[in-house]
Amino acid sequence: MSVDPMTYEAQFFGFTPQTCMLRIYIAFQDYLFEVMQAVEQVILKKLDSISDCDISPVQIRKCTEKFLSFMKGRFDNLFGKMEQLFLQLILRIPPNILLPEDKSQETHSYSEEEFQLLQKEIEQLQRKYKTELCAKQALLAELEEQKIVQAKLKQTLTLFDELTNVGRDHGISDFRESLVSLVQNSRKLQNIRDNIEKEGERLKTS
Amino acid sequence: GTTISRVKLLDTMVDTFLQKLIAAGSYQRFTDCYKRFYQLQPEMTQRIYDKFITQLQTSIWEEISEIKQEGNLEAILNSLDKIVEEGRDRKEPAWRPSGIPEADLRSTMAPYLLQQRDALQRRVQKQEAENRQLADAVLAGRRQVEELQLQIQAWQQAWQALHGEQRELAAVLREP
Amino acid sequence: FDEIIVDIAMKRKQYPRKILECVIKTIKAKQE
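Residue numbers (this note's numbering), protein chains in the order written: chain S, 96 to 301; chain R, 839 to 1014; chain E, 353 to 384.
#1: To which residues of the same chain is R/Arg844 closer than 8 Å at the C-beta, ignoring the five residues directly before and after it?
#2: Here's a check: name, in chain order, each residue in its chain whose Cβ is nearer than 7 Å to the Cβ of R/Thr869, leaving out the five neighbours to either side.
#3: Cα-Cα, which of R/Asp853, R/Thr841, R/Leu988, R/Glu968 is closest to R/Ser903?
#4: Under 7 Å between the Cβ atoms of R/Gln982 and S/Leu252?
#5: Closer than 8 Å by C-beta to S/Tyr120: which residues in its own chain qualify, once you throw out the five before and the five after it? Chain order, please.
#6: Ends of the alpha helix (DSSP H) at S/Arg297?
#7: Under the assumption that R/Ile905 contacts S/Ile192 (Cβ atoms under 8 Å), give the Cβ distance between them as a whole number of angstroms.
#8: Beta carbon of S/Met166, beta carbon of R/Gly863: below 7 Å?
#9: Where are the alpha helix (DSSP H) runs, 4 residues long or more, that stay fully inside the region 142-227 of chain S, in chain order?
#10: Could you check if S/Phe108 is buried or exposed, using at least 16 other CB atoms within 10 Å of its CB as the buried criterion?
#11: CB S/Val153 to CB R/Ile886, shorter than 7 Å?
#12: Unbroken alpha helix (DSSP H) runs of length 4 or more, entirely within the region 925-950 of chain R: which are they?
#13: So which residues on chain S does E/Ala381 lean against when the C-beta distance must stay under 9 Å?
#14: Whole angstroms are fine: how far does the CA of R/Glu900 sit from the CA of S/Phe128?
#15: On the three-pair Cβ rule with 8 Å, is the region 942-953 of chain R touching the region 361-373 of chain E?
#16: Among residues of its own chain, excluding the 5 on either side of S/Arg263, which ones have a beta-carbon nearer than 6 Å to its beta-carbon?
#17: Taking E/Ile360 as the reference, which of R/Met947, R/Ile891, R/Glu968, R/Gly937 has the closest Cα?
#18: Give me the chain A residues within the contact set of S/Phe110, using Cβ-Cβ distance strictly less than 8 Å, ordered along the chain.
#19: Which residues mark the beginning and the end of the alpha helix (DSSP H) in which R/Glu901 is found?
#20: Between R/Ala978, R/Ala973, R/Leu878, which lies nearest to S/Leu234 when the distance is taken from Cα to Cα?
#21: Taking 7 Å as the CB-CB limit, is S/Phe128 close to chain R?
#22: Are R/Leu847 and S/Ile185 touching if we call contact CB-CB under 7 Å?
#23: Taking the C-alpha atoms as reference points, what is the distance between S/Met96 and S/Glu207?
#24: Can you check whether the C-beta of R/Gln954 is within less than 7 Å of a C-beta belonging to chain E?
#25: Check for me: the alpha helix (DSSP H) holding R/Phe855 runs from which residue to which?
#26: To the nearest angstrom, report how far apart E/Ile354 and S/Pro100 are at their CA atoms.
#27: Roughly how many angstroms separate the alpha carbons of R/Ala996 and R/Gln971, rounded to a whole number?
#28: According to the Cβ coordinates, are R/Leu1007 and S/Val278 closer than 7 Å?
#29: Decide if S/Arg288 is buried, meaning its Cβ has at least 16 other Cβ atoms within 10 Å, or exposed.
#30: Any C-beta of chain E within less than 8 Å: which residues of the region 934-946 of chain R qualify?
#31: Rounded to the nearest angstrom, how far is the Cβ of R/Leu952 from that of S/Gln221, given a contact under 8 Å?
#32: Since E/Ile360 is in the alpha helix (DSSP H), which residue starts that stretch and which ends it?
#33: Taking the alpha-carbon positions, what's the S/Gln285 to R/Ala999 distance?
#34: What do you reckon, are the CB atoms on S/Phe255 and R/Trp993 nearer than 7 Å?
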């Protein structure tokens, strides 16, 4: 008959039910013997106090053994029955019951492959997360850089604006037109000067 | 129907055990075994027998109490009652250790790894969303930089275009 | 035999939680 080690019960109780029963059996049996011994002592003492009594201690011992062997037989039989009931009804985890510490077993039990798959998935996600973090750093770095570049570009634009404003402050709305009209006016002035010089020459010679 | 607590069951069983043991070791049987002493001292025999029974019962109940005390058995049995009560709806046999620690441990760890995976998934998704926004911002920034560069280029060309007029003006002004 | 049973049973009771604590610590450390 294969012995049921009742490991699951030992996990709950911290001892094996069989050990517990053995402990109770030995204790009960010791008491039975002790009490029988006490009975015999009392009887022997009583007999001592009775004069000319023809019952010998050996005879009393035989009576004790007779009563004890009967009691022991009944004791073992009754204890065997009690032990069965203990192991079935008290010191036992019913088959449909899971101990609290094993709650996680209630759900899906994981095969080696599934477990490795899950671990692989986690590693992939960790890599992905790191990549995303690096991307974030790079994007933030570029945004910082853009801020600097934009500031410089805006500075340059401001410079051009200021130039334009300087012109505007001095009545020049459009430099190019002003220059063109300057060139034209200069040309006109030169022509006028040339004419004047020619007229002058002519007057000198006449 | 009504579930008896394990502690009560234990006491009942011990009590039954004792009653049957005492029934087996009846006074009749006791006097049969100690016949001659009984004939000599019937009252004494009765007293000794009574004491025998009382002492046996006391010792056994003391032992039971001691075991209950020692292993805190009552509390443990009551907690087992509770566990069984909570699991009463479940009919099929529950899981038991497979004897392969790695296999059993996988299921213990799996819920936490699943949690970690879900948390990581959420983090990745959150980071991806954030990065999408950042990428949009970067693209917008690039466009703005391009825009500014074009504006500056336009200005630059405009000013460079003045160069021709400047030269012409200088030439005109320089003419003798 | 009895001691072996109790020893194994106690390990089955305690070790998963202990290992789990280590695993969770590791996961947290990795995340940090």
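Even glycine gets a Cβ: it sits at the ideal position worked out from N, Cα and C.
Checking against the coordinates, here is how it stands:
#1: Leu915, Asn916, Leu918, Asp919
#2: Tyr876, Thr883
#3: R/Asp853
#4: no
#5: Phe174, Glu178
#6: 270-300
#7: Contact flag wrong, Cβ pair sits at about 23 Å.
#8: yes
#9: 152-180
#10: buried
#11: no
#12: none
#13: The contacting residues do not exist; E/Ala381 stays about 13 Å from chain S at best.
#14: 16 Å
#15: yes
#16: none
#17: R/Gly937
#18: No chain A appears in this structure, whose protein chains are S, R and E.
#19: 880-908
#20: R/Ala973
#21: no
#22: yes
#23: Low per-residue confidence applies at S/Met96: pLDDT is 48, beneath 50, and the placement is therefore not dependable, though the value from the model is reported in the following sentence. Cα-Cα distance, rounded: 34 Å.
#24: yes
#25: 844-862
#26: It is worth fixing the name first, because residue 354 of chain E is Asp in this sequence and not Ile. So the alpha carbons of these two residues sit roughly 8 Å apart.
#27: 37 Å
#28: yes
#29: exposed
#30: Pro935, Pro939, Asp942, Leu943, Thr946
#31: 15 Å between Cβ atoms; not a contact.
#32: 354-383
#33: 24 Å
#34: yes
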